[in-house]
Structure formats: C-alpha cells, structure tokens
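**Q** One structure follows; several queries about it will come next.
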Amino acid sequence: MTMYKLAVVGDGETVACFRPLGVDGFVPENTEDIMGLLRLLRREGYGLVMVTERMAEGSESDITAFSSEEPFPVVLTVPDTQGSTGMGMDRLKMWAERAIGADMLNITGEE
C-alpha cells in the first residue's frame, strides 16, 4: 500500500497550525512560486496538498489545470487563519458539478 505525504502551502501562521498534525508546511515567497512548488510536491510523492485560498488567488485556473493532469496530488484550497474567501467551496461545487452533471450542493441557496 502506497503511503502518500500531506502538505499545506500558505502563510506562516496557517502552516504552523498544521505542523503538529505531521503535515509538511511550505511558505512560498510569493504566489508565483505556487505552481513550481506543486510540481515539486508531485515529484516528491505528496498525495494531498492544501493551498490556502489567499495563496491560491490568481492561480485558480493553473491549479485546476494542474489537478486535471494526474490524480495525485489532490490539491484542495482551504481557508487560512483569517477565514474563508469562499474559493474552496466554489472549487468543491465545480468538481461536484463536473462529476454529477448538476449543482447538487446548491451552496448559494438559489433554486
């Protein structure tokens, strides 16, 4: 059975919250470094990479394309210590719609 590693990419405070759980943390210098870091984490055998929503801002389409290339690592956008921007839920909704073919989550509450 393959054991994949877990990583979180974000600001120092958020990364520090995950370290006691055994999650490897990475704090990029800037958001332009994210895609190179994701490629490195793929080569290093990470199975799940959590990128904070604020760190992922501006790279959403690149992250989506990266996630579509291979099954691993799974890239999730998660809130940071300042709270959610809504990006993570929007991505979850997008993937659910692709898989199911309809908006079964109805996140916005619209009919």
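One rule links them: number in my numbering = place in the sequence shown (from 1) + 7. Where is the CB? At the ideal position from N, CA and C, for every residue including glycine.
In the DSSP assignment, what residue or residues form a beta bridge with D31?
**A** In the DSSP output, where bridge partners are listed per residue, D31 has A14.
**Q** Quick one, which of F25, T38, D69 has its alpha-carbon nearest M62's?
**A** Ranking F25, T38, D69 by Cα distance to M62 puts T38 first.
**Q** So, P35 versus V16, is the Cβ gap smaller than 8 Å?
**A** Taking 8 Å as the Cβ cut-off, P35 and V16 qualify as a contacting pair.
**Q** Count the other CB atoms within 10 Å of the CB of E117; is the residue buried (16 or more) or exposed (fewer)?
**A** Any reading at E117 needs caution, since the residue's pLDDT is 47, under 50, leaving its predicted position unreliable; the model's value is listed next. Result: exposed.
**Q** Could you check the C-alpha separation between V81 and D31 for me, to the nearest Å?
**A** Cα to Cα, V81 sits roughly 15 Å from D31.
**Q** According to DSSP, what are the bridge partners of T59?
**A** In DSSP, T59 forms a bridge with V85.
**Q** Within its chain, find whatever has a CB closer than 6 Å to the CB of V22; leave out the 5 residues flanking it on each side and keep chain order.
**A** Excluding positions up to five away in sequence, the list reads V15, G32, V34.
**Q** Please check the pair L83 and G95, which I expect to be a contact at CB under 8 Å, by giving their CB distance rounded to whole angstroms.
**A** Correct: roughly 7 Å between the Cβ atoms.
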